[in-house]
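Asker: Below you will find the structure I want to go over with you.
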Amino acid sequence: MTEPATIPDLTPHSALFLDLDGTLLDIAERHDLVWVAPELPDVITRLATALGGAVAIVTGRPLSDVDRLLPLPGLAVAAEHGARLRRPDGQIEAHAADLPERGDWIGAVKASLHLWPGAFLEEKSVGFVVHYRQAPSHGPDIGQFLENLIAPAGGRAEILPALMAFEIRAEGVGKGHAVRHLMADAPFAGRAPVFIGDDVTDEEGMAAAEALGGQGLHVHRVFDGEPASVRAWLARQADRLDQGAAR
């Protein structure tokens, strides 16, 4: 990945792909307790204007969460790792088959949560997540439970280890796929993609950006692991692009 001293500035021909938690937002004890920096919506809006709308949030969160945290009309979003994709014109596309076992699996997890005090369930439209940030010693047991749970699906579902969480998602979904789908069409097509993320789930998005001639910026390697540093860099880029447009 690109090192701090060599991060190129964004140009009017860049396309920007941004993870949420751990990248734009500080990690919280629970996913529903995150704080949105007051200046962030304006910075994202300015960047989207400067880049011709080629800014997308690429996150594991459901679309409804993104709209609650960043209620910005015209913002492209790849939600649930790209299982649900909303283009800048508002068109929503499904890029993952529904898992018919999902309801039964969620029921099994709910019935077992008492075995892992502090762990909690996050439901999504296609899959779900079991968070164990407040129950770190139970991580291995939770992972094994979920592997056994989805095994009969025979590859139609996969378990994704994330930051103090395990996500169950449909096979073939991922942030790399989301980047490639968006880059195939306007306003992203023909631009140099920049993907910023912090987690193992972001690695494939970074790899896709690099394969398309752009760059992947890892928060822990480039921004000292600080979402505040990411936000500050984005604000500086918005200022630069604004000044260039005013000339």
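Per the UniProt record's numbering, the very first residue in the sequence shown carries number 1; after that it's consecutive.
Quick reminder that beta carbons are idealized off the backbone N, C-alpha and C, glycines included.
(1) Less than 8 Å between the CB atoms is what I'm expecting for R87 and A76, so what's the real figure, rounded?
(2) Which same chain residues, not among the five before or five after G139, have their C-beta less than 6 Å away from its C-beta?
(3) Using beta-carbon positions only, say whether A15 and A238 come within less than 8 Å of one another.
(4) Give me the Cα-Cα distance between G190 and L40, rounded to the nearest whole angstrom.
(5) What residues in its chain sit with their C-beta under 7 Å from that of G176, if we drop five residues either side in the sequence?
(6) Would you kindly check if the distance between the Cβ of V34 and the Cβ of D21 is under 8 Å?
(7) Smallest Cα separation from A211: which of P227, T201 and A192?
(8) Which first and last residues belong to the alpha helix (DSSP H) in which Q215 is found?
(9) For the region 146-158 and the region 92-102, state whether three or more C-beta atom pairs, one from each stretch, are separated by less than 8 Å.
(10) If you check the beta carbons only, do V200 and P161 fall under 8 Å apart?
(11) What did DSSP end up calling S125 once you bin it into helix, strand or coil?
(12) Helix, strand or coil, according to DSSP, for R221 in the structure here?
(13) Would you report the Cα separation of V126 and L69, rounded to the nearest angstrom?
(14) Determine the extent of the alpha helix (DSSP H) in which E204 is found, giving its start and end residues.
(15) Quick check for students: name the residue ranges of the alpha helix (DSSP H) that lie wholly in the region 136-191, counting only runs of 4 or more.
(16) Using DSSP with H/G/I as helix, E/B as strand and the rest coil, what is V34?
(17) Let me check one thing: in DSSP terms, what residues is V58 bridge-paired to?
(18) Who are the Cβ neighbours of G216 in its own chain at under 6 Å, not counting the five residues just before and after it?
(19) With R68 as the anchor, note down where its alpha helix (DSSP H) starts and where it stops.
(20) Just the C-alpha distance for G197 and V58, rounded to the nearest angstrom, thanks.
Answerer: Let me lay it out:
(1) Counting from 1 along the sequence shown, the entry for residue 87 is found at position 87. Counting from 1 along the sequence shown, the entry for residue 76 is found at position 76. Going by Cβ atoms, the distance from R87 to A76 rounds to 6 Å, so yes, they are a contact pair.
(2) Stepping through the sequence shown from its first residue, residue 139 is reached at position 139. Around G139: Y132.
(3) Here residue 15 corresponds to residue number 15 of the sequence shown, with the count starting at 1. Here residue 238 corresponds to residue number 238 of the sequence shown, with the count starting at 1. No; because the gap between Cβ atoms is not below 8 Å, this pair is not in contact.
(4) Translated into positions along the sequence shown, residue 190 becomes position 190. Translated into positions along the sequence shown, residue 40 becomes position 40. Roughly 27 Å separates the two Cα atoms.
(5) In the sequence shown, the residue the question calls residue 176 occupies position 176. Around G176: E204, G205, A207 and A208.
(6) Here residue 21 refers to the residue found at position 21 when the sequence shown is read from its first residue. Here residue 34 refers to the residue found at position 34 when the sequence shown is read from its first residue. Yes, they are a contact pair.
(7) To locate residue 211, count along the sequence shown from 1; it is residue 211. Checking every option, the nearest Cα to that of A211 belongs to A192.
(8) Along the sequence shown, read from residue 1 onward, the residue named residue 215 stands at position 215. Q215 -> not in any alpha helix (DSSP H); beta strand (DSSP E) instead, spanning Q215 to H218.
(9) yes
(10) Locating residue 200 in the sequence shown gives position 200, counting from the first residue. Locating residue 161 in the sequence shown gives position 161, counting from the first residue. In this structure, P161 lies closer than 8 Å to V200 by Cβ.
(11) Position 125 of the sequence shown, counted from the start, is the residue given in the question as residue 125. Residue state, collapsed to three classes: coil.
(12) By one-based count along the sequence shown, residue 221 stands at place 221. In the structure shown, R221 sits in a helix (DSSP, three-state: H, G or I).
(13) On the sequence shown, residue 126 is found 126 positions in, with the first residue counted as 1. On the sequence shown, residue 69 is found 69 positions in, with the first residue counted as 1. Computed Cα separation, rounded: 20 Å.
(14) Position 204 of the sequence shown, counted from the first residue, corresponds to residue 204. Looking at the DSSP string, the run of the alpha helix (DSSP H) that includes E204 is E203 to A211.
(15) 139-150 and 175-183
(16) Within the sequence shown, residue 34 is the residue found at index 34, counting from 1. DSSP places V34 in coil when its eight states are reduced to three.
(17) Locating residue 58 in the sequence shown gives position 58, where the first residue counts as 1. In DSSP, V58 forms a bridge with A78.
(18) Within the sequence shown, numbered from 1, the residue matching residue 216 stands at position 216. Within the same chain, G216 has close Cβ partners M1, F195, M206, A209 and E210.
(19) Translated into the one-based positions of the sequence shown, residue 68 becomes position 68. R68 -> alpha helix (DSSP H) spans L63 to L69.
(20) On the sequence shown, residue 197 is found 197 positions in, with the first residue counted as 1. On the sequence shown, residue 58 is found 58 positions in, with the first residue counted as 1. Each residue's alpha carbon lies about 9 Å from the other.
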